[in-house]
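Chemist: Following this message is one structure expressed as structure tokens.
Protein chains: 2
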Amino acid sequence: MKKVRDAEASKARVFDAAAEEFALHGFVGAKVDRIAARARVNKAMIYYHFKNKAALYRAVVGDMFAATAARLRELRASNLTPAQQIDEFIAIVAREGQARKYFPRMWLRELADDGRHMGERNFADLTAIVSILAAILADGQKAGVFRPMPPFVVQVGIVGPLFLFLATGPLRSTAALKARIPISNISTDVLIDYVRAMTKGALSAQRP
Amino acid sequence: MKKVRDAEASKARVFDAAAEEFALHGFVGAKVDRIAARARVNKAMIYYHFKNKAALYRAVVGDMFAATAARLRELRASNLTPAQQIDEFIAIVAREGQARKYFPRMWLRELADDGRHMGERNFADLTAIVSILAAILADGQKAGVFRPMPPFVVQVGIVGPLFLFLATGPLRSTAALKARIPISNISTDVLIDYVRAMTKGALSAQRP
DNA sequence: GTCTATAAATAGATAGAC
DNA sequence: GTCTATCTATTTATAGAC
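Chains as they are written, first to last, in the numbering used here: chain B, 1 to 208; chain D, 1 to 208.
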């Protein structure tokens with residue numbers, strides 16, 4: 001019993017340490033030795049809890065995707081208007097991404113890697129997320145409030161700004177210093193509002 | 001003389017091969033052996049032409065940044081209106097990024113790495129780019145056509161969608177198949193228009 | 001300028017004792 | 001469940017011949 005609780009605790013520590021390590025160094029750059037050190041666990045324990053480095057990685061990605069897909073399915077089951085659903089889509093992606101500090105970095109890397117390290121399960125969740133956005137856009141077009149636009153364009157228009165921002169805190173601070181730009185503390189709410197304004201401005205059916 | 005031309009040619013092949021390799025695998029994942037094979041050059045030649053892997057990387061990043069910064073300085077010297085300068089800023093970043101297929105992926109990775117592999121020169125160019133955007137925004141605010149917005153927010157709102165799109169061609173094709181979304185061939189012009197509409201929609205001073 | 005050979009370090013994974 | 005020791009493979013970089 002005691003052992004079981006310890007096992008769960010050490011497995012959770014491995015998960016957290018791995019998430020941080022993958023975010024900072026990418027799949028290839030992440031070192032199992034460092035994950036073990038970070039988790040205060042013997043390296044062999046990582047292979048006891050998870051099959052290997054790849055499986056550990058997929059578990060971390062899966063946590064974000066499963067949570068996001070679940071929240072989006074709830075959204076889709078609501079009866080909000082298409083415009084409101086876009087607002088909520090943006091807020092959900094932003095909040096789930098912010099709740100997992102490591103994830104935006106991991107995702108930028110995984111995109112650059114063409115999804116090379118994702119498993120079937122990860123891919124299914126990603127597909128679900130894109131399909132939900134496509135459905136919202138289709139509803140909005142049918143209602144005449146959105147102009148036609150390929151879902152992937154809208155997707156990168158939402159995820160791009162959100163994740164680039166969430167992933168680049170330290171770099172922005174450094175750049176702000178060097179460029180002598182005031183380092184205003186930008187809240188996630190400001191960011192969400194901006195992405196909402198961008199997206200609806202660009203999707204709006206009636207434009208000059 | 002013949003040798004010199006050969007040297008220039010092989011150095012150029014190393015540059016191209018390295019750019020491709022860094023884009024596909026990141027700084028850590030890039031293998032010098034693969035760069036040599038790709039460039040059809042002996043591995044030792046890489047160290048003959050460039051100091052080491054890091055210097056080679058900085059040269060590739062520098063090519064994009066120097067070109068972009070130069071074009072933006074020209075833009076800044078023009079007498080276009082702030083709104084027109086934003087449109088041109090977006091087009092320049094998109095076109096320079098598209099002219100270097102490898103770069104958007106490299107940049108997503110470098111952002112996730114907090115700029116860890118950049119040199120002083122790279123950083124100076126990056127700073128110049130951000131400063132130019134900040135100046136355009138300040139002009140627009142002064143003229144009353146843009147609402148106040150931190151430059152970094154606008155920056156991620158432009159670079160995020162552009163580079164996420166440019167970096168993810170193959171992945172989008174795969175996802176489109178799995179999600180049964182029509183794989184429309186989206187042109188860079190459509191993308192540029194969308195990012196322009198997004199940015200100006202979100203910056204517009206008079207909004208509901 | 002070009003190539004071979006190799007030094008030196010590092011990393012993923014596992015066997016096997018406790 | 002936990003730890004030590006180690007095997008095997010890779011990888012950056014250079015020395016030195018041509």
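The beta-carbon is built from N, C-alpha and C at its ideal position, and this holds for glycine as well.
#1: DSSP state of Ser-10/D, grouped into three classes?
#2: Name the DSSP bridge partner or partners of Ser-184/B?
#3: By the three-class DSSP mapping on this structure, what secondary structure does Phe-65/B have?
#4: Of the residues that make up the segment 77-97 of chain B, which ones have a beta carbon closer than 7 Å to any beta carbon in chain D?
#5: Take the Cβ of Pro-182/B as the centre, count every other Cβ of all protein chains shown within 10 Å, and call the residue buried at 16 or more, exposed below.
#6: Chain D partners of Gly-140/B, CB-CB under 8 Å?
#7: Restricting to Cα atoms, I'd like to know which of Ser-10/D, Leu-164/D, Ala-54/D, Val-195/D is closest to Asp-113/B.
#8: Specify the secondary structure class of Phe-146/D as computed by DSSP and reduced to three states.
#9: So Lys-178/B contacts chain D; which residues on that side make the cut at Cβ distance below 7 Å?
#10: Identify the contact partners of Met-149/D in chain B, using a Cβ-Cβ distance below 9 Å as the criterion.
#11: With contact counted as at least three CB pairs below 8 Å, one residue from each stretch, are the segment 17-28 of chain B and the segment 65-80 of chain B in contact?
#12: Determine which residues of the segment 156-167 of chain D have a Cβ less than 8 Å from any Cβ of chain B, and write them out in chain order.
#13: Nearest to Pro-170/B by CA position, among Phe-103/D, Gly-115/D, Asp-87/D, Val-61/D, is which residue?
#14: Pairs of beta-carbons, one from the segment 40-49 of chain D and one from the segment 59-72 of chain D, closer than 8 Å: are there three or more?
#15: My output table needs one value for Ser-173/D: the three-state DSSP class, helix, strand or coil.
#16: Which word fits Asn-185/D, buried or exposed, when buried means at least 16 other C-beta atoms lie within 10 angstroms of its C-beta?
#17: Give me the chain D residues within the contact set of Leu-171/B, using Cβ-Cβ distance strictly less than 8 Å, ordered along the chain.
#18: Could you give the residue range of the alpha helix (DSSP H) that holds Gly-97/D?
#19: Over what stretch of residues does the alpha helix (DSSP H) that includes Arg-40/B continue unbroken?
#20: Since Val-195/D and Ile-90/D should fall inside the 8 Å C-beta cutoff, what is the C-beta to C-beta distance between them, to a whole number of angstroms?
#21: Please state the DSSP three-state secondary structure of Ser-204/B.
#22: Around the Cβ of Met-1/B, are there at least 16 other Cβ atoms within 10 angstroms (buried) or fewer (exposed)?
#23: Is it the case that the Cβ atoms of Arg-13/D and Ala-39/D are separated by a distance below 7 Å?
#24: So, with DSSP's three-state summary, where would you put Met-1/B?
#25: Return the Cβ separation of Val-60/B and Ala-99/B in integer angstroms, given the expectation that the two are a contact with Cβ distance under 8 Å.
#26: Would you check if the segment 124-133 of chain D and the segment 131-142 of chain B touch, i.e. whether three or more CB-CB distances between them fall below 8 Å?
#27: Is the beta carbon of Ala-36/D closer than 7 Å to that of Gly-201/B?
#28: Taking all protein chains shown into account, do 16 or more other C-beta atoms lie within 10 angstroms of the C-beta of Arg-109/B, making it buried, or fewer, making it exposed?
#29: Apart from the five residues just before and just after Pro-82/B, which ones in its own chain have a Cβ nearer than 8 Å to its Cβ?
#30: Find out if the Cβ-Cβ distance for the pair Ala-23/B, Arg-121/B is shorter than 7 Å.
#31: Hey, Met-198/D and Met-198/B are a contact pair by Cβ (cut 8 Å); roughly how many whole angstroms apart?
#32: Please state whether DSSP places Thr-127/B in a helix, a strand or coil.
Modeler: The short version:
#1: To locate residue 10/D, count along the second sequence from 1; it is residue 10. Ser-10/D: helix per DSSP, three-state reduction.
#2: Position 184 of the first sequence holds residue 184/B. Note: Ser-184/B sits in no beta bridge, so no partner.
#3: Position 65 of the first sequence, counted from the start, is the residue given in the question as residue 65/B. Of the three classes helix, strand and coil, the one that applies to Phe-65/B here is helix, per DSSP.
#4: none
#5: Mapped onto the first sequence, residue 182/B falls at position 182. It is exposed - the Cβ of Pro-182/B has fewer than 16 other Cβ atoms within 10 Å.
#6: The residue given as residue 140/B occupies position 140 in the first sequence. Within chain D, no residue comes near Gly-140/B; the closest Cβ sits about 15 Å away, beyond 8 Å.
#7: Along the first sequence, read from residue 1 onward, the residue named residue 113/B stands at position 113. The residue with the shortest Cα to Cα distance from Asp-113/B is Leu-164/D.
#8: As a working note, residue 146/D is residue 146 in the second sequence. Three-state DSSP puts Phe-146/D in a strand.
#9: As a position in the first sequence, residue 178/B is number 178, starting the count at 1. Going along chain D in sequence order, the residues near Lys-178/B (Cβ under 7 Å) are Phe-123, Thr-127.
#10: Within the second sequence, numbered from 1, the residue matching residue 149/D stands at position 149. Neighbours of Met-149/D on chain B, chain order: Val-190, Tyr-194.
#11: no
#12: Val-156, Gly-157, Val-159, Gly-160, Pro-161, Leu-162, Phe-163, Leu-164, Phe-165, Ala-167
#13: Your numbering for residue 170/B matches position 170 in the first sequence. Nearest of Phe-103/D, Gly-115/D, Asp-87/D, Val-61/D to Pro-170/B, Cα basis: Gly-115/D.
#14: no
#15: Stepping through the second sequence from its first residue, residue 173/D is reached at position 173. DSSP places Ser-173/D in helix when its eight states are reduced to three.
#16: As a working note, residue 185/D is residue 185 in the second sequence. Classification of Asn-185/D: exposed, given that the 10 Å Cβ count is below 16.
#17: For the purposes of this step, residue 171/B is identified with residue 171 of the first sequence, where counting begins at 1. What Leu-171/B touches in chain D: Leu-111, Asp-114, Gly-115.
#18: Numbered from 1 along the second sequence, position 97 holds the residue referred to as residue 97/D. Gly-97/D -> alpha helix (DSSP H) spans 82-99.
#19: Position 40 of the first sequence, counting from 1, holds the residue named residue 40/B. First-last for Arg-40/B: undefined, no H or E at that position.
#20: Start at 1 with the first residue of the second sequence, and residue 195/D comes out as number 195. Start at 1 with the first residue of the second sequence, and residue 90/D comes out as number 90. Right, their Cβ atoms sit about 5 Å apart.
#21: The residue given as residue 204/B occupies position 204 in the first sequence. Of the three classes helix, strand and coil, the one that applies to Ser-204/B here is strand, per DSSP.
#22: Translated into positions along the first sequence, residue 1/B becomes position 1. Here Met-1/B scores only 49 on pLDDT, less than 50, and its place in the model is too uncertain to base an answer on.
#23: Locating residue 13/D in the second sequence gives position 13, where the first residue counts as 1. Locating residue 39/D in the second sequence gives position 39, where the first residue counts as 1. Closer than 7 Å, so yes.
#24: Working through the first sequence from its first residue, we reach residue 1/B at position 1. Residue confidence is low: Met-1/B scores 49 on pLDDT, short of 50, so the model does not pin down where it sits. No coordinate-derived value is stated.
#25: Mapped onto the first sequence, residue 60/B falls at position 60. Mapped onto the first sequence, residue 99/B falls at position 99. Their Cβ separation, rounded to whole angstroms, is 14 Å, which puts Val-60/B and Ala-99/B out of contact at 8 Å.
#26: no
#27: Translated into the one-based positions of the first sequence, residue 201/B becomes position 201. Translated into the one-based positions of the second sequence, residue 36/D becomes position 36. No; because the gap between Cβ atoms is not below 7 Å, this pair is not in contact.
#28: By one-based count along the first sequence, residue 109/B stands at place 109. Arg-109/B is buried by the Cβ-count criterion.
#29: Stepping through the first sequence from its first residue, residue 82/B is reached at position 82. Within the same chain, Pro-82/B has close Cβ partners Ile-136, Leu-137, Asp-139, Gly-140, Ala-143, Val-145, Phe-146.
#30: In the first sequence, counting from the first residue as 1, residue 23/B sits at position 23. In the first sequence, counting from the first residue as 1, residue 121/B sits at position 121. In this structure, Arg-121/B does not lie closer than 7 Å to Ala-23/B by Cβ.
#31: Within the second sequence, residue 198/D is the residue found at index 198, counting from 1. Within the first sequence, residue 198/B is the residue found at index 198, counting from 1. Right, the Cβ-Cβ distance comes to about 4 Å (below 8 Å), so this counts as a contact.
#32: Here residue 127/B corresponds to residue number 127 of the first sequence, with the count starting at 1. Helix.
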